[in-house]
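Taking it in order: structure first as structure tokens, then the write-up.
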Amino acid sequence: MQVKVYSCSRCVGMSSRLIKYGKTSYGKQRYQCKSCKITSVFEYRYNAYRKDINQKIILLTKEGLGIRSTARILKISATTLLKRIIVIANNIFQPAIRYYQSYELDEFKLFVRKKSNPMWLVYAINKTTKHVAGFYIGKRNNKTLNAVVKTLLNSKARIIYTDRLRNYQYLIPKEIHSTKRFGTNGIERKNLNLRTHLKRLNRKTICFSRSLLILNSILKIYFWKY
-16 MQVKVYSCSR CVGMSSRLIK YGKTSYGKQR YQCKSCKITS VFEYRYNAYR
34 KDINQKIILL TKEGLGIRST ARILKISATT LLKRIIVIAN NIFQPAIRYY
84 QSYELDEFKL FVRKKSNPMW LVYAINKTTK HVAGFYIGKR NNKTLNAVVK
134 TLLNSKARII YTDRLRNYQY LIPKEIHSTK RFGTNGIERK NLNLRTHLKR
184 LNRKTICFSR SLLILNSILK IYFWKY
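When we follow the numbering used here, the leftmost residue of the sequence shown carries the number -16, and every step to the right adds one.
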């Protein structure tokens, strides 16, 4: 016979004793911690309240499932899923990047809501570790490119590899800018991975991004949630 063991969510690392403390209006058993007096419910009817739901959302998102597919598998509302994705992304922060590193920088075409509204994902990866150093979504102009270039320049980048897009020569100092052949092989492969892993970025699909906020949140989870 399997015995379920519950612990207080507030008294982490401490020995806590739980006692039954009545029931909710839906008939679920409520427990109270004898130490901090906080009350908790451990068996929820709705899956969105389960403790491991956020980790499952992260896993399914990185495996390329769309919003409705994830909602069906987890048996939660699509609206709840969208709100939870935003909450998860808000708790993810851009990792600190090291000084004097080499980077590959590229732009990636996508669209929000309709194909007549093209956007560009500009991002950079560390040439050695392949980790994403920063990204920005906007129109294909100097402002969008400079949002990422400025991050690399502030980190005193040793060299920045790009394609031959003319805008880069006005933003990156000539001494650390390289457009040599095969210099951006790593990030070009990363572009292919993005198209493959995230359904909303596939070229031939009925999935697309309706909101720039959700798209940014999905990319933060994909790039920086390990």
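All C-beta atoms in this analysis are idealised placements derived from N, C-alpha and C, irrespective of residue type, glycine included.
Asked	Found
Which of helix, strand or coil DSSP assigns to PHE118	strand
Rounded separation between LEU175 and LEU184 - CA only	10 Å
Own chain, CB closer than 6 Å to TYR205, minus 5 neighbours either side, in chain order	LYS45
Beta-carbon gap between LYS131 and GLY117 smaller than 8 Å	What sits at residue 131 in the sequence shown is Val, not Lys. Yes, the Cβ-Cβ distance between VAL131 and GLY117 is below 8 Å.
Neighbour-count burial assignment, GLU90, 16 or more Cβ in a 10 Å radius	buried
THR111 vs THR145 beta-carbon contact at 8 Å	no
LEU104 - partner residues in DSSP beta bridges	PHE91 and ILE120
Rounded straight-line distance, which links the Cα of GLY10 to that of LYS17	22 Å
Three-state secondary structure assigned by DSSP to LYS34	coil
Start-end ranges of the alpha helix (DSSP H) lying completely within the segment 125 to 150, minimum 4 residues	125 to 137
Cβ-Cβ separation, ILE159 to ARG147 (assumed contact under 8 Å), whole Å	Not quite, the Cβ-Cβ distance comes to about 16 Å (not below 8 Å), so this is no contact.
Beta-carbon proximity check, VAL24 vs ARG33, cutoff 8 Å	no
CYS(-9) versus ILE21 - alpha carbon distance	8 Å
GLN15, DSSP secondary structure in three states	strand
Spatial neighbours of LYS213 in its chain, beta-carbon cut-off 8 Å, leaving aside the 5 residues before and after	The question about residue 213 has no answer here: the residues shown for the chain are numbered -16 through 209.
Cα-Cα separation between VAL(-14) and GLY49, rounded to whole angstroms	Because VAL(-14) sits at a pLDDT of 42, beneath the cut-off of 50, its placement in the model cannot be relied upon, and the following sentence gives the value as read from the coordinates. Whole-angstrom Cα-Cα distance: 36 Å.
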